[in-house]
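Accompanying notes for the structure given below.
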Amino acid sequence: MRLDALDPSGIPTHIACVMDGNGRWAQARGLPRTEGHRAGEEALFDVVEGCLEAGVEWLTVYAFSTENWRRPREEVKFLIDFNEEILLGRRDELHERGVRIRFVGRRDWRVPKRLIRRMDEASELTRRNRKLTFTIAFNYGGRAEIVDAVRAIAASGVKPEKISEKTIAKHLYDPEIPDPDLVVRTSGEYRISNFLLWELAYSELYFTDLPWPDFRREDLFDAIHHYQERDRRFGGVAPGG
Ligand code: FPP
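Position in the sequence shown (from 1) plus 2 gives the number in my numbering.
Listed below in structure tokens is the structure:
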């Protein structure tokens, strides 16, 4: 789908992506799974361009989950190094494009200090940018995020009856991020896989069979088109309905 076929007044503010299918894409070509992640980089930055073109203000991607540590050691090492490589290789161009880079996820002992340093550098460099906020979920799990929020709330000593949905939302990893309007998952899996559990309560979900390495901005525009055809009621009734 072309961008000009979309309704410019109905562009989602926040899109979140589960970039699934890299491993299968590579295996189908007789390549090591890691080549699928490499090919996924091109897809990711085409999607970033698509968001800039369409005026999407927030993009969040699932780069590494709290469950991904269970993958073979070499793949985990590859993903860590690859994330660092992408941050180093792309931060300047993202900065020039007006993109603010942020991270969500647990910063525990398993995340190498060097990668944390790269994350902090990229966030610091781009912190004044406002065109698009590009959030990378690394060592992220939706349940872990809720656990961490509950721990912080308990530690603050607040009275249980004072805890509301707002209290929880304020203690998430990045309380500034609006809830996603649209979640896209590639590669024909119809699961959420522990992504943004609290935040996606009212998100529209879009699934495509395309593996992530084949996904491009036109496919993102397809997803936005489907989103524009939906009737978001947030538990209420449609106007006039
Ligand atoms: C899922 O495919 C994909 C991942 C676990 C990682 C994707 C990461 C990138 C594209 C790099 C992102 C980096 C930054 C800095 C944003 P899979 O391996 O689960 O595929 P499969 O389901 O076919 O096995």
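Heads up, the beta-carbon is just placed ideally off N, CA and C, and yes, glycines get one too.
What you are looking at is a predicted structure, and each value in this text was computed from that prediction instead of being measured.
Alpha carbon to alpha carbon, how far is residue j from residue i? Give it in angstroms, no decimals.
i, j, result
"A151", "E44", "34 Å"
"A56", "G238", "28 Å"
"G23", "G32", "14 Å"
"S125", "E86", "13 Å"
"H39", "L212", "15 Å"
"R102", "T128", "5 Å"
"G273", "L5", "Lying before the first or after the last residue shown, residue 273 is absent from the chain, which here runs from 3 to 243."
"L199", "R232", "21 Å"
"L117", "A240", "46 Å"
"D122", "L54", "23 Å"
"A139", "S195", "13 Å"
"A156", "A171", "14 Å"
Buried or exposed for residue i, going by 16 or more other Cβ atoms inside 10 Å?
i, result
"G242", "exposed"
"W71", "exposed"
"P14", "buried"
"E201", "buried"
If you compare alpha carbons, which of the options is closest to residue i?
i, options, result
"R145", "L33, Y175 and G100", "Y175"
"A65", "L8, K168, N141 and H228", "N141"
"T188", "R153, L207, H173 and D122", "L207"
"L81", "R93, E51 and R112", "R112"
"N131", "E95, K168, E77 and G12", "E95"
"G107", "G91, F197 and E37", "F197"
"H295", "F209, R218 and R235", "A query on residue 295 cannot be resolved here, the shown segment of the chain reaching from 3 to 243 and no further."
On the DSSP bridge assignment, give the partners of residue i in chain order.
i, result
"E206", "L184"
"Y64", "A139"
"H39", "Its beta-bridge partners do not exist; DSSP assigns none."
"V20", "R187"
Return the Cβ separation of residue i and residue j in integer angstroms, given the expectation that the two are a contact with Cβ distance under 8 Å.
i, j, result
"T62", "T137", "4 Å"
"E220", "M21", "Not really, about 17 Å apart at Cβ, beyond 8 Å."
"I17", "V58", "5 Å"
"G25", "P215", "Between P215 and G25 the Cβ distance is about 10 Å, and since that is not below 8 Å, they are no contact."
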